[in-house]
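The sequence shown runs 0 to 139 under numbering that gives the first Met the number 0. Just so it is clear, CB atoms sit at the ideal spot from N, CA and C, and this is done for glycine as well. Down below is the structure, laid out as structure tokens.
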Amino acid sequence: MPVTDDDGLRELLSMDPVAVVGCSSTSGKAAHDIPKYLQEHGYEVIPVNPYADEILGREAYDSLADVEEEIALVDVFRPSDEVAGIVDDVLTRREDRGDVEGLWLQLGITDDEALARADDAGLLTTQDRCMKVEHGRLVA
Numbered sequence: 000m001p002v003t004d005d006d007g008l009r010e011l012l013s014m015d016p017v018a019v020v021g022c023s024s025t026s027g028k029a030a031h032d033i034p035k036y037l038q039e040h041g042y043e044v045i046p047v048n049p050y051a052d053e054i055l056g057r058e059a060y061d062s063l064a065d066v067e068e069e070i071a072l073v074d075v076f077r078p079s080d081e082v083a084g085i086v087d088d089v090l091t092r093r094e095d096r097g098d099v100e101g102l103w104l105q106l107g108i109t110d111d112e113a114l115a116r117a118d119d120a121g122l123l124t125t126q127d128r129c130m131k132v133e134h135g136r137l138v139a
């Protein structure tokens with residue numbers, strides 16, 4: 000069951016580093032400004048975008064499988080119809096490396112079935128919430 004309570008959200012917000020799937024290099028887009036906010040608040044942000052070489056001063060990876068560093072939380076800025084495939088990638092990575100603990104789907108992004116699979120695999124999840132808003136409300 001996706002997390003909706005403040006304690007669960009705080010637990011997700013405590014996870015670091017954060018791989019941002021769909022991280023944008025375009026200032027002014029939520030997929031750029033929210034990861035930048037997270038970076039400015041001490042998170043190690045790992046951009047995942049196959050169309051960029053570098054975002055926020057960091058190498059951008061083509062996929063979660065390509066990320067060399069450990070990942071604690073995957074933050075998703077992709078359309079809802081892509082979530083099932085992203086969850087497949089997260090679960091494969093978790094099985095191979097054992098390093099993903101949580102999955103955060105940003106505001107407006109939902110997929111109940113895919114999140115149920117992630118929950119069943121032991122991940123802490125939430126959907127349709129803005130990480131920046133929740134961080135500002137609960138942590139900052």
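*Under the three-state reduction of DSSP, which class applies to I33: helix, strand or coil?*
Helix, per DSSP.
*Could you work out which residue in R96, E100 and E81 is closest to A113 when comparing CA atoms only?*
E81
*8 angstroms Cβ cutoff met for G74 and Q105*: Looking at the sequence shown, residue 74 is not Gly but Asp. Yes; because the gap between Cβ atoms is below 8 angstroms, this pair is in contact.
*Between which two residues does the beta strand (DSSP E) harbouring I45 extend?*
V44 to V47
*Sorted by chain position, which residues of the same chain lie with C-beta nearer than 8 angstroms to C22's C-beta, five sequence neighbours on each side aside?*
A30, H31, P34, V44, P46, V47, N48, A51, I54, L55, A59 and F76
*Range of the contiguous beta strand (DSSP E) that encloses A51*: Neither: A51 is in no beta strand (DSSP E) and is coded neither H nor E.
*Can you give me the Cβ contacts of E100 inside the same chain, cut-off strictly under 6 angstroms, excluding the 5 residues immediately before and after it?*
M14 and A71
*Note down the Cα distance separating D119 from P1, rounded to an integer number of angstroms.*
11 angstroms
*asked:* Considering only their Cβ atoms, is the gap separating S62 from D155 smaller than 8 angstroms?
replied: The structure shown does not extend to residue 155, since the chain is modelled only from 0 through 139, so no value can be given for it.
_Reference P78; option with closest CA among V66, D5 and V20_ = V20
*What's the call for D4, buried or exposed, on a 16-neighbour Cβ count within 10 Å?*
exposed
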